[in-house]
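Visitor: Okay, so the sequence shown: first residue is 33 according to my numbering, each after it adds one.
For every residue, glycine included, the Cβ atom is placed at its ideal position computed from N, Cα and C.
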Amino acid sequence: MKSMRIQNESASQFPGKQRSYQDIVSYLDSHWNLQITGEAKKEQLRKLATALELSQSKQDAIMVCGTNGKSLTAHFTTRLLKSEGLVVGSLFSPHTLTYNERIVLNGEQINNRSFTELGSKVLDIAAEKGLTLGSDVVLTAIAQLYFAAQDVDVLVIENESSRAHDPATLCNTKVVVVTRVTAEDVNCTETAQEELINELKEIIKPGMHVVSGDQLKSHLLHIEKITLENSGVWEMPIRKVAPLAYPFEQIHGRCAALAERAAMLYMNTWGTENTTVVTDSILVKQKGKRGRPTLEAKQQEKLNPKKTVEQFWKETINELPSRFQLLDKEAPSVLLDSADNLDALENVLLGTRLLHYKRPIEGLTIIMSAEAQSFVSEDFVRSIRYFFKKTPGQIFLCPLESSVNPWQQGPSWDTNALVNELTNKKVKATAFKSFATAFETAKASVDPKLGLIVIVGSASIVSNYWQNRNIKKLG
């Protein structure tokens with residue numbers, strides 16, 4: 033396939049006013065809440081794409097939409113396509129510590145030099161054209177310039193908002209993946225969820241293949257209807273999970289199966305131009321050979337067994353930060369997850385229980401920090417109470433602290449009120465004023481070798497963990 037170029041060469045061709053890395057970060061931090069939406073934003077995107085010579089037809093893309101499981105699905109899709117010999121550019125959101133985490137080439141984050149030079153290029157063009165760009169637009173433009181310079185074969189894009197004016201829609205999308213559509217906050221009714229699905233009307237275009245891993249039949253029927261109305265190609269939804277190693281099959285298996293279907297759709301429809309890839313592929317369907325195989329063919333198959341997609345999954349683990357990330361070399365072990373709604377939290381609790389079945393846990397503490405609108409107190413208390421009835425442990429609640437994504441952060445929940453509700457249900461719960469204090473107390477309360485501390489509830493608390501360890505960059 034196309035050769036991958038060295039990162040440092042990617043931005044050197046763009047002269048102009050140079051800004052520092054921190055200058056680009058400061059601009060991004062301060063331009064998330066621009067009130068530019070709808071047609072105005074789409075027109076802005078078109079002007080920028082023309083000025084940067086970013087043709088929409090240059091780069092194929094697989095777009096991942098939904099509310100839960102997008103990053104994992106995009107991550108697994110990238111891993112599969114990379115194993116097929118493709119050069120894959122991935123655009124994730126949000127980030128944990130640095131913006132570099134969002135722009136990934138074959139599993140490697142963009143370096144600071146390329147990020148800075150490309151960011152300067154985008155901002156120079158914007159100033160020249162009189163455009164005030166939002167941070168999401170700038171990041172998408174940086175990613176597309178970077179991937180174009182690296183001559184990628186396909187993009188895997190996590191669509192943050194699933195709206196037509198999202199900058200991620202400025203690409204040649206071949207496959208649309210819809211993970212799950214669940215309540216993003218406590219006020220998200222069934223009608224509101226249907227409105228979220230309706231946003232796909234502006235994304236799905238004629239000829240696009242659409243596949244979903246949503247578990248609600250009503251949602252699947254709604255997505256199928258939109259797909260057919262827009263002349264898209266509706267694919268069978270995901271029913272089974274991918275055979276990942278224990279315990280990840282139960283918690284990540286559906287995302288992996290969805291990624292497998294998306295990668296298989298792309299490879300069989302658009303990715304078979306190179307015959308070498310087809311021969312060694314675990315995704316491309318081979319044409320059957322007529323007649324019985326010869327003895328020589330049988331011998332060759334025995335000497336050189338072909339790798340299967342099942343073997344791929346058995347050897348694959350999630351390497352994405354903050355998505356059920358188990359740090360088992362720490363003392364005690366730490367589990368990180370940015371789950372910020374009840375559906376995602378229950379998946380984390382399931383995974384924690386499965387870990388407990390796999391190995392004994394002597395001392396379990398959950399540390400949570402969340403937004404006020406993330407959890408209905410009654411449902412949250414019910415889930416936590418049920419979990420601790422089956423798995424002994426305690427929970428520490430903290431208020432939200434400073435975040436690397438403050439523009440996405442709402443007001444903090446009332447920790448004291450929730451602690452009172454949990455205590456009334458006989459759950460061991462304690463409120464703390466800061467994450468640092470809660471973490472030190474948790475470390476002292478569990479076994480240093482066999483204990484487990486689960487940090488969950490928001491992207492903010494995961495960032496707090498790394499900042500508490502003075503880690504400034506992941507990956």
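Exposed or buried, what is Gln332 when buried is set at 16 or more other beta-carbons lying within 10 Å of its beta-carbon?
Guide: When all chains shown are included, Gln332 counts as exposed.
Visitor: Kindly indicate which residue of Gln50, Ile258, Tyr389 and Val154 has the alpha-carbon position closest to the one of Lys79.
Guide: Nearest C-alpha to Lys79: Val154.
Visitor: Buried or exposed for Asp360, going by 16 or more other Cβ atoms inside 10 Å?
Guide: By the neighbour-count rule (16 or more Cβ atoms within 10 Å), Asp360 is not buried but exposed.
Visitor: Leaving aside the five residues before and after Leu165 along the sequence, list all residues of the same chain whose C-beta is less than 6 Å from its C-beta, in chain order.
Guide: So the qualifying residues of the chain are Ala158.
Visitor: Of all the options Leu84, Gly98 and Lys206, which has the alpha carbon lying nearest to the alpha carbon of Pro174?
Guide: The question names Pro, but residue 174 in the sequence shown is Ile. The shortest C-alpha separation from Ile174 is found at Leu84.
Visitor: What are the partner residues of Gln141, as DSSP defines its beta bridges?
Guide: According to DSSP, which records beta bridges pairwise, Gln141 is partnered with Val136.
Visitor: Given this structure, state the Cα-to-Cα distance separating Leu276 from Ser354, to the nearest angstrom.
Guide: Each residue's Cα considered, the two are about 19 Å apart.
Visitor: Do the stretch 109-125 and the stretch 178-190 meet, that is, are 3 or more Cβ pairs less than 8 Å apart?
Guide: The stretch 109-125 is in contact with the stretch 178-190.
Visitor: Okay, do the stretch 442-451 and the stretch 498-505 touch, 3+ Cβ pairs below 8 Å being the bar?
Guide: No contact exists between the stretch 442-451 and the stretch 498-505.
Visitor: Going by beta carbon distance, what residues of the same chain come within less than 8 Å of Pro364, once the five residues before and after it are set aside?
Guide: The answer, listed in chain order, is Gly395, Lys475, Val478, Asp479, Pro480, Lys481, Leu482, Gly483, Leu484 and Ile485.
Visitor: Looking at the structure shown, is Arg417 part of a helix, part of a strand, or coil, going by DSSP?
Guide: Helix, per DSSP.
Visitor: Please state if the CB of Ala294 and the CB of Val243 are separated by a distance shorter than 8 Å.
Guide: Yes, the pair counts as a contact, with Cβ atoms nearer than the cut-off.
Visitor: If you draw a straight line from the alpha carbon of Val488 to that of Ser62, how long is it in whole angstroms?
Guide: Taking the straight line from one Cα to the other gives about 27 Å.
Visitor: Could you please give me the residues that DSSP links to Ser244 through a beta bridge?
Guide: DSSP lists Val210 as partners of Ser244.
Visitor: Start and end of the beta strand (DSSP E) containing Asp92?
Guide: Asp92 to Cys97 is the extent of the beta strand (DSSP E) around Asp92.
Visitor: What residue ranges within the stretch 438-507 form continuous beta strand (DSSP E) runs of no fewer than 3 residues, ordered along the chain?
Guide: Fully enclosed beta strand (DSSP E) runs of 3 or longer: 461-463 and 484-488.
Visitor: Taking 8 Å as the limit between beta carbons, can you name the residues of its chain near Asp246, skipping five residues before and five after?
Guide: Counting only Cβ-Cβ distances below 8 Å, and skipping sequence neighbours, we find Gly98, Val210, Thr211, Arg212, Val213, Leu252, Ile255 and Pro269.
Visitor: Report back the beta-carbon spacing between Lys317 and Ala289 to the nearest angstrom; my notes put them in contact at under 8 Å.
Guide: The Cβ separation is near 17 Å, so there is no contact.
Visitor: Could you please give the first and the last residue of the uninterrupted alpha helix (DSSP H) stretch that includes Met400?
Guide: Run containing Met400: none in the alpha helix (DSSP H); it sits in the beta strand (DSSP E), Leu396 to Ser401.
Visitor: What does the Cβ neighbour count give for Lys339, buried or exposed, with the cut at 16 atoms within 10 Å?
Guide: Looking at its Cβ environment, which holds fewer than 16 other Cβ atoms inside 10 Å, Lys339 is exposed.
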